[in-house]
Every structure is written in structure tokens, then in C-alpha cells.
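These notes concern the structure reproduced below.
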Amino acid sequence: MFSKPVYLHEQYTHNGEIINVRTHVYTDKSYTSFTYNGQEVSESFDNYSGSSWYTIAKRNCMLIDKLGNDYKTYAEYRNEVKKIEDKYIIVDNNVYGYFHDDSANGSRKPVYHIFSIEMEDEEVISESTNLNNDLFKHFNKKDIFSKFKSRVRTYYKNNEVLPSVKRLERDETDKYRKMKEWLVENADC
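Count along the sequence shown starting at 1, add 604, and that's the number in our numbering.
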């Protein structure tokens with residue numbers, strides 16, 4: 605899409621107030637920021653997710669109206685939940701670690717990624733770089749990890765078998781559940 609970011613400056617009207625919204629559009633991701641009612645809003649979204657600066661502005665303005673000063677807690681929890689979801693595997697509201705090997709050939713490029721996790725029934729689910737396909741696309745760690753997480757969740761859905769308890773991240777699970785519960789109770793997320 606874009607090799608350099610494209611900068612958009614839009615206006616959004618909420619409750620009669622005109623809000624200046626700034627969006628930086630990159631190839632796969634965009635970043636939207638604005639200020640409403642004294643609250644700084646900054647949120648990223650995948651360009652292929654169906655989200656837009658408009659939906660982000662509308663949702664966040666409504667949340668600021670609803671939550672007031674608790675919006676800061678909402679933003680903090682939303683960001684932390686996203687970090688956990690990006691870093692770990694989430695199954696049945698539990699947070700799991702996994703095995704990751706990022707071996708490389710002699711020149712350190714391209715990197716070969718292998719992700720795996722053992723399930724409670726001793727089935728091992730893995731995903732790795734496909735060396736037989738277009739190197740640019742398939743050496744993308746994020747894409748490979750996304751496929752891996754999807755395979756683990758699908759296995760759980762089809763077999764009702766969780767990942768091994770050895771991989772359960774207890775502290776992260778407690779933190780994740782607490783934040784998700786707050787978000788559901790206070791922001792309907």
C-alpha cells in the first residue's frame with residue numbers, strides 16, 4: 605500500500621464539538637490520535653480489520669462520555685490486553701506461553717521461525733516458516749505466529765483440549781482476566 609506513511613487530518617463532530625483527528629497510515633497499520641473532553645486518545649488498528657479513524661473516534665468519544673476520568677483506566681487496560689494477546693496464546697481466558705525457535709542460516713537472514721505447544725492430550729501443535737513459498741511473505745514472524753495461535757484455538761474448539769498446564773502463565777492469566785473483567789463491566793468490551 606504505502607512505503608512511507610500517509611498523514612490524514614480529518615474532523616469529527618461529537619455532541620456538537622468539532623474534533624481534529626490525525627491518522628498516520630502505513631502499509632498494514634494505521635495510528636489515530638485526537639483529544640476529546642481533555643482526554644488524549646491514541647489507538648492503532650490493522651488496515652484490513654474493517655476499522656477506520658471514524659469508528660475509532662466515534663467509539664472513544666462515546667466511551668469518554670460514559671467513563672469520564674475512568675477512560676484512562678480503559679485505555680491502559682485495552683493496551684495491556686492487546687499486548688498480552690499479541691505476545692501469548694489465549695485459550696478459554698487463560699494465557700499460555702509456547703516454544704519459539706528463530707534459527708537462521710549463516711547470514712542471519714532469512715530467519716526460520718518454529719512455534720509449538722503441547723496440548724493436555726499430548727498432541728503437539730506447531731507452525732513454521734514455509735521455505736517453499738515466497739520468502740518475503742512467509743518469513744513474517746507475525747503472520748506465522750497468527751497462524752499458530754489460530755491452529756491452537758481451533759484445536760481447542762474442535763477437541764475441547766487446552767494447552768498443557770506446564771505452559772500456563774499464571775500471573776499473566778490473573779492480570780489478563782482482571783483487566784478483561786473490568787473492560788466488560790465498565791466499557792462493554
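Backbone N, C-alpha and C define an ideal beta-carbon position, used for all residues, glycine too.
Best match in the options for proximity to residue i [C-alpha to C-alpha]
{"i": "PHE719", "options": "ASP705, GLU684, ASP725, THR617", "result": "ASP705"}
{"i": "SER707", "options": "GLY701, TYR716, TYR700", "result": "TYR716"}
{"i": "THR733", "options": "ASP725, ARG781, PHE749", "result": "PHE749"}
{"i": "ASP775", "options": "GLY701, PRO767, THR677", "result": "GLY701"}
{"i": "ASP792", "options": "HIS628, LYS761, TYR675", "result": "TYR675"}
{"i": "ARG757", "options": "TYR611, GLU722, THR631", "result": "GLU722"}
{"i": "ALA661", "options": "HIS618, ALA679, TYR678", "result": "HIS618"}
{"i": "LYS608", "options": "LYS686, HIS628, LYS761", "result": "HIS628"}
{"i": "ARG670", "options": "ASP690, TYR759, GLN643, TYR760", "result": "Looking at the sequence shown, residue 670 is not Arg but Lys. Minimum Cα distance to LYS670 is reached at GLN643."}
{"i": "PHE703", "options": "LYS686, VAL685, ILE729", "result": "ILE729"}
{"i": "ASN698", "options": "GLU647, GLY672, TYR760", "result": "TYR760"}
For residue i, the three-state DSSP class (helix, strand or coil)
{"i": "LEU787", "result": "helix"}
{"i": "ASP725", "result": "coil"}
{"i": "HIS742", "result": "Any reading at HIS742 needs caution, since the residue's pLDDT is 47, under 50, leaving its predicted position unreliable; the model's value is listed next. Residue state, collapsed to three classes: helix."}
{"i": "GLU614", "result": "strand"}
{"i": "TYR635", "result": "strand"}
{"i": "LEU766", "result": "coil"}
{"i": "GLU684", "result": "helix"}
{"i": "MET605", "result": "In this prediction, MET605 has a pLDDT of 48, which is less than 50 and means its spatial position is unreliable; what the coordinates show is noted afterwards. The answer is coil: DSSP assigns MET605 none of H, G, I, E or B."}
Beta-carbon proximity list for residue i, same chain, < 7 Å, skipping 5 on both sides
{"i": "ASN624", "result": "HIS613, GLN615, PHE638"}
{"i": "ASN683", "result": "none"}
{"i": "ILE622", "result": "GLN615"}
Beta-carbon proximity check, residue i vs residue j, cutoff 9 Å
{"i": "LYS779", "j": "ILE688", "result": "yes"}
{"i": "GLU724", "j": "LEU766", "result": "yes"}
{"i": "TYR678", "j": "LEU787", "result": "yes"}
{"i": "VAL645", "j": "LYS784", "result": "no"}
Same chain only: Cβ atoms within 8 Å of residue i, ignoring 5 sequence neighbours per side
{"i": "ASP632", "result": "MET605, ASP650, ASN651, TYR652"}
Three CB pairs or more closer than 8 Å across the stretch 771-783 and the stretch 650-668: no
The stretch 693-704 contacting the stretch 748-762, beta-carbon criterion three pairs below 8 Å: yes
At least three beta-carbon pairs within less than 8 Å, the stretch 648-658 to the stretch 622-636: yes
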